[in-house]
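Participant: The structure under discussion is supplied below as structure tokens; questions concerning it will follow.
Numbering (my numbering), first residue to last: 37 to 170.
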């Protein structure tokens, strides 16, 4: 699967794509940030599905911005994103099974997540983290 950033888009890129984002809802019923950008849930790689403002740590050794390695999230999707990110086999007539939403049984803060980052510049690949919740 290929992910695209939402909160992490530069202002220039966001402004250039704004008309397309606004066209999505009436033509497809989808929102870019919920349905087409980063995947929610526990995952390796891709972009963080930030609950709050993005907060990328810098490597303490070299000062470079670290890369996203892992997200451990309280939920696999929310009340809107399930429409594109919930596997077909977990869907029911009324939405989804309770186990599909939180198979790991986690609640980090107020339905938040922990993001693990690594520095791919430094040979020892130091790690950093960030925690956020709603």
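We treat Cβ as the ideally placed atom computed from N, Cα and C, and that holds for glycine.
1. With a Cβ-Cβ cutoff of 8 Å, do residue 82 and residue 110 count as a contact?
2. For residue 74, which of 153, 98, 45 has the nearest alpha-carbon?
3. Residue 97: which of 161, 165, 142, 167 sits nearest, CA to CA?
4. Once the 5 residues before and after residue 167 are set aside, which same chain residues still bring their CB inside 8 Å of it?
5. State the start and end residues of the unbroken beta strand (DSSP E) segment that holds residue 71.
6. When burial is assigned at 16 or more other CB atoms within 10 Å of the CB, is residue 79 buried or exposed?
7. Between 69, 59, 61, which has its C-alpha nearest residue 178's C-alpha?
8. In the DSSP output, what is residue 61 paired with across the bridge?
9. If you reduce the DSSP assignment to three classes, tell me which class residue 128 lands in.
10. Considering only the alpha carbon of each residue, which of 104, 88, 87, 86 lies closest to residue 94?
11. Hey, which unbroken runs of the beta strand (DSSP E) at 3 residues or more fall wholly within the segment 76–112?
Facilitator: Put simply:
1. Not a contact, by the Cβ cut-off of 8 Å.
2. Closest by alpha carbon: 45.
3. For the set 161, 165, 142, 167, the Cα lying nearest the Cα of residue 97 is the one of 161.
4. Around residue 167: 144, 145, 148, 149, 150, 151.
5. Note, residue 71: premise wrong, no beta strand (DSSP E); not H, not E.
6. Here residue 79 is buried: its Cβ has 16 or more other Cβ atoms, across all protein chains shown, within 10 Å.
7. Absent from the model: residue 178. The displayed extent of the chain is 37 to 170, so no value can be given.
8. In the DSSP output, where bridge partners are listed per residue, residue 61 has none listed.
9. Three-state DSSP puts residue 128 in a strand.
10. Per the Cα distances, 104.
11. Whole beta strand (DSSP E) segments, 3+ residues: 103–109.
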